[in-house]
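Q:
Chains as they are written, first to last, in the numbering used here: chain A, 21 to 458; chain B, 21 to 458.
(1) Which residues of chain A have a Cβ atom closer than 8 Å to the Cβ of residue 284 (chain B), listed in chain order?
(2) By alpha-carbon positions, which one of A:78, A:41, A:45 ends up nearest to residue 66 (chain A)?
(3) Taking Cβ to Cβ, would you say residue 190 (chain B) is nearer than 7 Å to residue 60 (chain B)?
(4) Please report the residue range of the alpha helix (DSSP H) in which residue 154 (chain B) lies.
(5) Do the CB positions of residue 179 (chain B) and residue 397 (chain B) come within less than 7 Å of each other?
(6) Between which two residues does the alpha helix (DSSP H) containing residue 56 (chain A) stretch?
(7) Helix, strand or coil, according to DSSP, for residue 236 (chain A) in the structure here?
(8) Would you please verify whether the beta carbon of residue 49 (chain A) is less than 7 Å from any beta carbon of chain B?
(9) Across the region 423-440 of chain B and the region 263-282 of chain B, are there enough close Cβ pairs to call them in contact, namely three or more that are closer than 8 Å?
(10) Identify, in the order they occur along the chain, each residue of the same chain with its Cβ nearer than 8 Å to the Cβ of residue 442 (chain B), setting aside the five sequence neighbours on each side.
(11) Quick check: the Cα distance between residue 118 (chain A) and residue 315 (chain B), rounded to an integer number of angstroms?
(12) Let me know if residue 203 (chain A) comes out buried or exposed under the rule of 16 or more other beta-carbons within 10 Å of its beta-carbon.
(13) According to a CB-to-CB cut-off of less than 7 Å, which residues of the region 97-118 of chain B neighbour chain A?
(14) Hey, is residue 139 (chain B)'s beta-carbon within less than 7 Å of any beta-carbon in chain A?
(15) Using a beta-carbon distance below 7 Å, is residue 129 (chain B) in contact with chain A?
(16) Output needed in chain order: residues of the region 237-250 of chain B with a Cβ under 7 Å from some Cβ in chain A.
(17) For residue 328 (chain B), decide whether its Cβ has a neighbour in chain A, counting only Cβ atoms nearer than 7 Å.
(18) For the region 143-160 of chain A and the region 391-408 of chain A, state whether three or more C-beta atom pairs, one from each stretch, are separated by less than 8 Å.
(19) Could you tell me the distance, in whole angstroms, from the CA atom of residue 223 (chain A) to the CA atom of residue 237 (chain A)?
(20) Output the residue ranges of the alpha helix (DSSP H) runs that lie fully inside the region 48-133 of chain A and measure 4 residues or longer, sorted by chain position.
(21) Check whether the Cβ of residue 334 (chain A) lies closer than 7 Å to any Cβ atom in chain B.
(22) What residue does the alpha helix (DSSP H) around residue 350 (chain B) start on, and which one ends it?
(23) Quick one: Cα of residue 35 (chain B) to Cα of residue 131 (chain B), how far?
(24) Spatial neighbours of residue 63 (chain B) within its chain, please: C-beta separation below 6 Å, excluding the five flanking residues on both sides.
(25) Apart from the five residues on each side of it in sequence, which residues of its chain come closer than 7 Å, Cβ to Cβ, to residue 27 (chain B)?
(26) Using a Cβ-Cβ cut-off of less than 9 Å, list which residues of the region 206-217 of chain A approach chain B; keep chain order.
(27) Might you give, ordered along the chain, the residues of its own chain that have their beta carbon closer than 6 Å to the beta carbon of residue 39 (chain B), omitting 5 neighbours on each side?
(28) If you follow the alpha helix (DSSP H) that residue 260 (chain A) is in, where does it begin and where does it stop?
(29) Expressed to the nearest angstrom, what Euclidean distance is found between the alpha-carbon atoms of residue 418 (chain B) and residue 161 (chain B)?
(30) Counting along the chain, where does the alpha helix (DSSP H) carrying residue 391 (chain A) start and finish?
(31) CB residue 136 (chain B) to CB residue 165 (chain B), shorter than 7 Å?
(32) Distance, Cα to Cα, residue 241 (chain A) vs residue 403 (chain A)?
(33) Shorter than 7 Å from the beta carbon of residue 380 (chain B) to some beta carbon of chain A?
(34) Would you say the region 218-232 of chain A touches the region 184-200 of chain A, given that touching needs at least three Cβ pairs under 8 Å?
(35) On the criterion of 16 or more Cβ atoms from any shown chain inside 10 Å, does residue 337 (chain B) qualify as buried, or is it exposed?
(36) Would you report the Cα separation of residue 163 (chain B) and residue 169 (chain B), rounded to the nearest angstrom?
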């Protein structure tokens, strides 16, 4: 075990200064993020010796600043069961990080004030890499100011770009959704291509990595000779080779299906399609989107035939009606492992997945330092793509297959999934108001 | 019962000239079209006294011309069960109609030749209105040339634009898919709108009618106060009123969700977004697409915030993993009713759905003349939309709710729906080749 996989103990004190717990969610949601939330709450509830109350913040760290807290100490098992299959982020997830300490000390002071007031000694942050490191920094700040707090990350991302971990909780369900949808759409075009569309493209999420695009390749598990083109974000787009392959596959099979990452770039490193630029206080954010439609038009012009394009967008990260049981279990286990790490006194760590067995897949969690993993990005390796970079290999199928195994029962009510908004009563505020966003 | 709802008996003869059966599929697929196919085959198999062999044509009427036929007389119950949950069109569906008789007699002569060779006396065509009328015309031609054929339509369209019928088989499942996906995506934006996207739009199929767009409104069954905008194809788009409503809903609720028909037109009758123009031998076909993205950009510019757009495209008509049991039953019953109509000697008719009871919904099939229904189009009525034309009414929910009730068991294999391509052996050709498309 190298240093990045060893628990790091609380830098300020062997024990936190208080025993209440705070859990919050940040970044893009997944279909199973609330399974992690339920696991944290259940595990904390089971350790009244170690933990006091457990609060959740609304809208992640923004809710901490704004003292928008919910006391879930006595959340019933019925509500917890409901939480386990609820899509979205039940406690709301923010795309908002604290400023660097030197630019905005007031934010850090405010978190310290809130943590002291609510006697928070444990902080579980369920978000992207960057957010979790910010959470750790604010906990460090608390420790340096006489209020030690143990901060542990809870892994989550549909993008599967979390490095060191075998995979990311959230990815398996999005992969199952993408593969199922792509397979169904392929059967549609197989039915109709002789007199209608000969090319279908699905645009998948993935800014820098093509894991979800790769997941569309799972359709080959059902249709081994599917005429498929994958365009993952990591591989520069070459129009000539792409069009050649489209034409070749259509001439061989009569049609061609394609999955593309929203973040596809050309050989000059320019995005093929940008939906817009969002200007936030923190940065300019290039919103991607449109590459599927762009390719669809390009192919239509070349082959002089109808083409079609699907963009599942939010659907791929919200589809609680087609969750992978394996992924759900990983998300649940991630929450549990985070609490276990905190029980061992680990601070500034993230439990990640290590595979312990295959057929069926078994795994355990080990912890790595949040800072060690924060700047890494797991990309699709070369041996997961064929030599031309546009098709899936058996090695990739072997990796992906276990992650989509199993289904969760879906509760329907009146024909629709029973996923009414869960609403919670906030605790009465005790502090002076603080505006997180000015 | 008015004249259009009375069976019309075979104009050429009380009995057809032969007793073999042909079934074929045409037009855009639905998630349940193969349930109709299975019903026709099962019902025919149960009447060996009346019917001889049953064939299916590959690619609809194109396959008839090309003598691409499959003998399904002995299709096993196991294969039929599989067929009942297979998405796409198992026998391939064509977007191809015969030319008018006066322009291309050769096509009609060829069908007659095929029908005579295979002793076809019954022709079941599972397609759009136009295709079914063409099927009738070709059967009429056969009758006029000494080979009477009974032709019966099998209703099918996800668009729900089939008039006289309570609804169309195929619509309920697409509506359930749209409503579920829209609901899940709404929970996503509810989770994140405070620091991310405040507007989400889903582009739904629907060239002239907004039934699938309306179906997104079913999300209000779960979230009654959902800040919703519906833009069905039948209502001209007014940018000023739309932007006003977006801004009002975002100011009230913090976010807004919208569903729009691909065929939305402005007040001058121009499509808001065209993906391309397809030139076929028969006509120029305006391919719609892009209106969701267009609105998403428009709103983004107005509210100066991130917006998102999903385009399910083929997914909404192929999603066999989330089929409405009610719709599935209707599709099955439509196939059965068509054979029953043929058994009664009805020709040139289409069995359509008449509701016989509510809570739970019960229905029967009655037949109307194909020609009577072919030029009609059922549009979303005024009382299904609020006064501003942009939201759903309780009357619409009452209409839609029963159509999405019930779920079908989904068979998974290795994490994916068990929907491998069904392949069939074509009968040995007996005739000289005929090129359907030159």
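Where a beta carbon is used, it is the ideal one built from N, C-alpha and C, also for glycine.
A: Looking at the coordinates:
(1) If you number the second chain from 1, residue 284 (chain B) lands on position 264. None at all; the shortest Cβ gap to chain A is about 17 Å.
(2) Counting from one through the first chain, the residue named residue 66 (chain A) turns up at place 46. Residue A:41 is the option with its Cα nearest to residue 66 (chain A).
(3) Within the second chain, numbered from 1, the residue matching residue 190 (chain B) stands at position 170. Within the second chain, numbered from 1, the residue matching residue 60 (chain B) stands at position 40. No, the Cβ-Cβ distance between residue 190 (chain B) and residue 60 (chain B) is not below 7 Å.
(4) As a working note, residue 154 (chain B) is residue 134 in the second chain. That run of the alpha helix (DSSP H) goes 149-164.
(5) To locate residue 179 (chain B), count along the second chain from 1; it is residue 159. To locate residue 397 (chain B), count along the second chain from 1; it is residue 377. No; because the gap between Cβ atoms is not below 7 Å, this pair is not in contact.
(6) One-based indexing of the first chain puts residue 56 (chain A) at position 36. 53-65 is the span of the alpha helix (DSSP H), which, as asked, contains residue 56 (chain A).
(7) Here residue 236 (chain A) refers to the residue found at position 216 of the first chain. Note: residue 236 (chain A) maps to helix in three-state DSSP.
(8) Here the question's residue 49 (chain A) lines up with position 29 in the first chain. Closer than 7 Å to some Cβ of chain B, the Cβ of residue 49 (chain A) qualifies, so yes.
(9) In short, these stretches do not touch, since the Cβ pair count stays below three.
(10) Translated into positions along the second chain, residue 442 (chain B) becomes position 422. Same-chain partners within the cutoff: 99, 102, 103, 106, 110.
(11) Taking the first chain and counting its residues from 1, the one referred to as residue 118 (chain A) is at position 98. Taking the second chain and counting its residues from 1, the one referred to as residue 315 (chain B) is at position 295. Each residue's Cα considered, the two are about 32 Å apart.
(12) One-based indexing of the first chain puts residue 203 (chain A) at position 183. By the 10 Å Cβ count, residue 203 (chain A) comes out buried.
(13) 107, 108, 109, 112, 113, 114, 115, 116
(14) On the second chain, residue 139 (chain B) is found 119 positions in, with the first residue counted as 1. Taking Cβ atoms only, chain A never reaches closer than 7 Å to residue 139 (chain B), which makes this a no.
(15) As a first step, residue 129 (chain B) must be located in the second chain, where it is residue number 109. Residue 129 (chain B) is outside the set of residues whose beta carbon lies under 7 Å from a beta carbon in chain A.
(16) Within the region 237-250 of chain B, the residues whose Cβ lies closer than 7 Å to some Cβ of chain A are 238, 241, 242, 243, listed in chain order.
(17) The residue you call residue 328 (chain B) lines up with position 308 of the second chain. Answer yes: the Cβ-Cβ gap between residue 328 (chain B) and chain A drops below 7 Å somewhere.
(18) Under the three-pair Cβ rule at 8 Å, the region 143-160 of chain A counts as touching the region 391-408 of chain A.
(19) Indexing the first chain from 1 puts residue 223 (chain A) at position 203. Indexing the first chain from 1 puts residue 237 (chain A) at position 217. Between residue 223 (chain A) and residue 237 (chain A), the C-alpha separation is close to 13 Å.
(20) Qualifying alpha helix (DSSP H) stretches, in chain order: 53-65, 80-85, 97-104.
(21) Mapped onto the first chain, residue 334 (chain A) falls at position 314. Residue contact with chain B for residue 334 (chain A): present (Cβ-Cβ distance below 7 Å to some residue of chain B).
(22) By one-based count along the second chain, residue 350 (chain B) stands at place 330. 345-363 is the extent of the alpha helix (DSSP H) around residue 350 (chain B).
(23) What you label residue 35 (chain B) is simply residue 15 of the second chain in a count that begins at 1. What you label residue 131 (chain B) is simply residue 111 of the second chain in a count that begins at 1. Cα to Cα, residue 35 (chain B) sits roughly 19 Å from residue 131 (chain B).
(24) Here residue 63 (chain B) refers to the residue found at position 43 when the second chain is read from its first residue. Within the same chain, residue 63 (chain B) has close Cβ partners 356, 359.
(25) Here residue 27 (chain B) refers to the residue found at position 7 when the second chain is read from its first residue. With a pLDDT of 47 at residue 27 (chain B), under the threshold of 50, the modelled position of that residue is not reliable, and the figure given next carries that caveat. Contacts found: 361, 364, 366, 369, 387.
(26) Of all residues in the region 206-217 of chain A, 206, 207, 208, 209, 210, 211, 212, 213, 214, 215, 216, 217 have a Cβ within less than 9 Å of some Cβ in chain B.
(27) Residue 39 (chain B) sits at position 19 when you count from the first residue of the second chain. Counting only Cβ-Cβ distances below 6 Å, and skipping sequence neighbours, we find 71, 72, 141.
(28) Position 240 of the first chain, counted from the first residue, corresponds to residue 260 (chain A). 259-273 is the span of the alpha helix (DSSP H), which, as asked, contains residue 260 (chain A).
(29) By 1-based counting over the second chain, the position of residue 418 (chain B) is 398. By 1-based counting over the second chain, the position of residue 161 (chain B) is 141. When rounded, the distance between both Cα atoms is 44 Å.
(30) One-based indexing of the first chain puts residue 391 (chain A) at position 371. Element bounds for residue 391 (chain A): 390-394.
(31) For the purposes of this step, residue 136 (chain B) is identified with residue 116 of the second chain, where counting begins at 1. For the purposes of this step, residue 165 (chain B) is identified with residue 145 of the second chain, where counting begins at 1. No, Cβ-Cβ distance for residue 136 (chain B) and residue 165 (chain B) is not below 7 Å.
(32) For the purposes of this step, residue 241 (chain A) is taken as the residue at position 221 of the first chain. For the purposes of this step, residue 403 (chain A) is taken as the residue at position 383 of the first chain. Their Cα atoms are separated by approximately 18 Å.
(33) The count along the second chain starts at 1 and reaches residue 380 (chain B) at position 360. With respect to chain A, the C-beta atom of residue 380 (chain B) has no partner C-beta closer than 7 Å.
(34) yes
(35) Here residue 337 (chain B) refers to the residue found at position 317 when the second chain is read from its first residue. Classification for residue 337 (chain B): buried.
(36) Taking the first residue of the second chain as position 1, residue 163 (chain B) is located at position 143. Taking the first residue of the second chain as position 1, residue 169 (chain B) is located at position 149. Just so you know, the alpha carbons of residue 163 (chain B) and residue 169 (chain B) end up roughly 6 Å apart.
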